[in-house]
Amino acid sequence: MTISEFQSRLNQWGREQVPFLFLVDFEMENLLAWKMDEVPNDILFSINDFSNASSSKQNPKAVSLTKYPISFSEYKAKFDFVESKISLGDSYLTNLTIKTRIDIDGSLEELFFTSAAKYKLCWKYKFLVFSPETFVQIRDNKIYSFPMK
Numbered sequence: 004m005t006i007s008e009f010q011s012r013l014n015q016w017g018r019e020q021v022p023f024l025f026l027v028d029f030e031m032e033n034l035l036a037w038k039m040d041e042v043p044n045d046i047l048f049s050i051n052d053f054s055n056a057s058s059s060k061q062n063p064k065a066v067s068l069t070k071y072p073i074s075f076s077e078y079k080a081k082f083d084f085v086e087s088k089i090s091l092g093d094s095y096l097t098n099l100t101i102k103t104r105i106d107i108d109g110s111l112e113e114l115f116f117t118s119a120a121k122y123k124l125c126w127k128y129k130f131l132v133f134s135p136e137t138f139v140q141i142r143d144n145k146i147y148s149f150p151m152k
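Position one of the sequence shown corresponds to residue 4 (the working numbering), numbered consecutively onward.
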């Protein structure tokens with residue numbers, strides 16, 4: 004599906020006031036969207052307390068997480084690069100993120116149910132997303148966006 008086709012589908016559902024869920028990777032290579040009543044069973048989501056996740060898993064096993072971040076000197080070099088680009092006027096807003104290896108002693112599904120994040124999604128039990136931020140709100144027929152980044 005092209006970006007244009009994807010946008011058209013979402014816009015059509017919006018005009019029809021059809022609730023939907025969509026996933027887009029940062030490279031815009033995976034454009035996925037479903038009407039809320041057609042979300043596949045291998046996707047768990049909880050969006051501001053609206054969820055398709057079973058209430059039978061309210062007391063999940065605690066999951067511990069071990070992270071392996073880059074060194075401070077590696078991070079500082081990346082930070083300094085971003086700061087120099089901002090001072091040159093090449094950017095005014097940047098989200099510096101770094102791929103970090105983690106180990107968990109449970110499944111992604113268990114981590115999904117353990118998390119208290121306001122927004123979370125577990126896809127095919129291979130990909131997990133948490134976010135505390137509200138990206139979009141609709142109030143009085145107006146769309147507002149307040150991302151932290």
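Each residue gets a CB set at the ideal place from its N, CA and C atoms; glycine is no exception.
Residue 114 sits buried, since 16 or more C-beta atoms from the chains shown fall within 10 Å of its C-beta.
Using a Cβ distance threshold of 7 Å, residue 101 and residue 70 do not count as a contacting pair.
If you look at residue 15, you'll find it in the alpha helix (DSSP H) that goes 6-18. Distances from the alpha-carbon of residue 6 to those of 31, 68, 84, 99 put 31 closest. With 16 or more other Cβ atoms from the protein chains shown falling within 10 Å of its own Cβ, residue 47 counts as buried. 129 is the residue among 145, 129, 92, 143 whose C-alpha sits nearest the C-alpha of residue 45. Under the DSSP assignment, residue 94 falls outside any alpha helix (DSSP H); it carries neither an H nor an E label.
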